[in-house]
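In order, the protein sequences belong to chains A and B.
Take our numbering: the final residue in the first sequence is number 1096, and no numbers are missing along the way.
Take our numbering: the final residue in the second sequence is number 654, and no numbers are missing along the way.
Report on the structure given below.
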Amino acid sequence: MANRRELVKRRKSVRNIRKITRTMQLIATARFQHAMNQATATKPYASTLANMVAAASRSATQLDQPLLKTNESGSAALLVLTSNRGFCGGYNGNILRLAMETLQEKRAADMDVNLNVVGKKGIAYLRFLGETIDMKDDSVEEQPRFAQVSAIADDLMAAYREEKIATLDVCYMQFISAGIQKPAMMRLLPISGIKQATGDSDDGDSDNAGTENAPQSGEANTTIDFSPEPAELLDELLPASVRMRLFQCFTEAAASEQVARMVAMKAATDAAGDMIRLLTQKYNRARQTAITMELLDIIGGVAAIS
Amino acid sequence: MADKTFTCTVLTPERTVLDAEVTSATIPAHDGEIGILRGRAPLLCRLGIGILKLEGCPDPTRLYVDSGFAEVANNKITILTEHALKPGEIDATKVHSDLQEAQNRTASTQEEQDKRRNDMARCKKKLELV
C-alpha cells in the first residue's frame, strides 16, 4: 500500500516538473526569437561602421592610434561572457572551460591576467576557484542594452590606452546558426585588420592597396570629403567600432544562451515524460499485485469456510 | 521629382530607426549643420548633438541625434548614431527635470564643465522637438 501511494506522489511531482520545464522551453523559444532579431539588427550598423573605418584609414596620412598599436607592457585582459541564470545545459560550462584553458595558457607564458567577468554564473564559478576577478558585472540582462555594453568597452579601452592591459580577448558563445553555437575567443584589442590596409598604402604600395580594397566599398577611387580630418575621425571611429564589436558579442551570446536553454529544457521535458511513463507502469503493476493478493485472500477465506 | 530623391538611413546599434526616400537632409555635423541634396560628393563626417531634418518623406521629418557619424555615397546617406529619438519618443517632463539638474549642477573642473554644457545642449535640442 505504502509503495503505491509513494509512486502516485512521485508521478505527481515529476508531472509538475515537466510543466515547469515545458513552460521554460516555451519562454526560451520566444526570447530566442527576440535575441535573434536583436543580433541581426546590429548587422547594418556594424557593416557601415566597418566601411567608414576602412575609408578613413585608407585616407589617413598617419596612424598613431593608441588602439591600433601593440602595447608592450601590461597584463592580458580576458572578458568572459556568461549568463546570469542557469538551466541552460552546458552553456556556461563550455565557456568557462575555454576561459580557464586560456587563463592557464597565459599564466604558463608568464603573463598577468586581468580577469573581467559578466554574468552571475561565471562570477560564482571563478570565485569558487579562488581567482581574483578584476571586474565583474551581473547587471546585463537577457537583452543587452548598448549603453551598458559601451560602458564596459569604454572602461577597457581606457585601461588599454593607459597601457594597463596589453591585449583584450573576449570569451563568449559564438552564434553560428540556430543549430550551432561554439565557445570562441575574439581579440578585441589591439584592433587588427585595419593595419594591413593602411600599412600597405603607407609603404608606398598604394596602387596595390587601392585595387584590393576597391571592390569592398566601391569608392576607393573617388575622393571623400572628410570632416574633420581622417586621422581625427578615426579617434572616434575606432572606439565606436570596438564598442560595436563588443555589443555584437553580447547579442550573440544572448541568442546562444536562449538556444542552449531551449535545448536543455526540451531534453528535461522529454526525460520527465519518460519517467512518468515508467512510474505509471510501476504503479499499475503495484495496483494489480495488490488486487490479486486481495482476491487470493478472499478465495482462501471462502475455501476455509466451505 | 523622382530623380531628386535619395535614400536616407538612420541606424543605431540596436535598430534601424529610419529608412526613407528624401529630397533633402540637414545633418547636425560636429561643426555646424550641413545640407545635403541628391548628387552630393562623397562625405564622411562626425556628428554633434542636434536635429536631423529631412524633407520629402512622409514619416517623422525631424530626429534628435546625439553624436555619431554620417556617410554620403552614391546618393545614399547613412547616419550612424548611438542615440536617435523621434519626437514622440522624447519624454518632455524628464528632459525638463534633466535640464534643471544640469543647470543647477556645480562644475568646477574643465571636464565637469564640458559635461554640463553637453548635457544642457542635449536637453535643449530635445526640447526643440517636443
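Note that the Cβ used here is the ideal one computed from N, Cα and C, for glycine as well.
- For A549 of chain B, the closest Cβ of chain A is not nearer than 8 Å.
- Between the C-alpha atoms of T957 of chain A and R801 of chain A there is a straight-line separation of about 54 Å.
- By the Cβ neighbour-count rule, Q971 of chain A is buried, with 16 or more other Cβ atoms within 10 Å of its own.
- Of all alpha-carbon atoms in B:D638, B:K650, B:G580 and B:L568, the one lying nearest the alpha-carbon of D622 of chain B is that of B:K650.
- By a beta-carbon distance limit of 8 Å, P834 of chain A contacts L535 of chain B. Their separation comes to about 5 Å.
- If you draw a straight line from the Cα of L979 of chain A to the Cα of R1033 of chain A, it is about 11 Å long.
- The alpha-carbon of Y915 of chain A is positioned some 17 Å away from that of V960 of chain A.
- Taken in chain order, the members of the segment 570-601 of chain B whose beta-carbon sits within less than 7 Å of a beta-carbon on chain A are R570, F593, E595 and A597.
- Under the three-state reduction of DSSP output, G969 of chain A falls in the coil class, being neither helix nor strand.
- In this structure, A1043 of chain A sits away from G879 of chain A, with a CB-CB distance that is not shorter than 8 Å.
- When only Cα atoms are considered, A1076 of chain A and R812 of chain A end up about 29 Å apart.
- The beta-bridge partner set that DSSP reports for L567 of chain B consists of A:D1015 and B:V596.
- Contact note: L535 of chain B reaches chain A through P834, Y835 and T838, using a C-beta cutoff of 8 Å and chain order.
- For F1037 of chain A, the enclosing alpha helix (DSSP H) covers residues P1020 to I1095.
- The CB of P1018 of chain A comes closer than 9 Å to the CB of H554, D555, C569 and R570 in chain B, given here in chain order.
- Interface flag for I1066 of chain A against chain B is unset, since no Cβ pair is found closer than 8 Å.
- With respect to the C-alpha of H554 of chain B, the residue from B:M644, B:A544, B:I573 and B:T540 having the closest C-alpha is B:I573.
- Proximity to D527 of chain B across B:L542, B:D615, B:V546 and B:Q634 peaks at B:V546, based on C-alpha coordinates.
- The C-beta separation of S865 of chain A from I955 of chain A comes to about 6 Å, placing the pair in contact by the 8 Å criterion.
- Inter-residue distance for A1057 of chain A and R917 of chain A is about 30 Å (C-alpha atoms, whole angstroms).
- Counting only Cβ-Cβ distances below 8 Å, F965 of chain A has no contacts in chain B at all, with the closest Cβ about 17 Å away.
- With 16 or more neighbouring CB atoms inside 10 Å of its own CB, V541 of chain B falls in the buried class.
- Using a CB distance cut-off of 8 Å, R646 of chain B does not count as an interface residue toward chain A.
- Judged by DSSP secondary structure, F530 of chain B falls within the beta strand (DSSP E) whose first and last residues are F530 to L535.
- For H554 of chain B, the secondary structure class from DSSP, reduced to helix, strand or coil, is coil.
- Judged by beta-carbon spacing, G912 of chain A lies within the 8 Å limit of L886 of chain A, meaning their Cβ atoms are closer than that value.
- Shown here for L1068 of chain A: not one same chain residue has a beta carbon closer than 8 Å to its own, the five before and five after excluded.
- Where T860 of chain A is concerned, there is no enclosing alpha helix (DSSP H), because DSSP gives it neither an H nor an E.
- Close to L604 of chain B, with beta-carbon spacing below 8 Å, are these residues of chain A in chain order: Y835, T838, L839, M842 and A1030.
- In terms of beta-carbon proximity, E538 of chain B lines the interface with chain A, with at least one pair separated by less than 8 Å.
- The Cβ atoms of T832 of chain A and F965 of chain A lie no closer than 8 Å to each other.
- Selection A:S837, A:I1014 and A:P973 evaluated against A889 of chain A yields A:P973 as nearest (Cα-Cα).
- For the segment 1034-1053 of chain A, the residues whose beta carbon sits under 8 Å from a beta carbon of chain B are, in order, M1034 and F1037.
- Close partners of A565 of chain B in chain A (Cβ separation under 7 Å): D1015.
- Using a Cβ-Cβ cut-off of 9 Å, L946 of chain A is close to nothing in chain B; its nearest Cβ partner there is about 17 Å away.
- Against chain B, the beta carbon of F936 of chain A has neighbours under 7 Å at P537, E538 and E606, listed in chain order.
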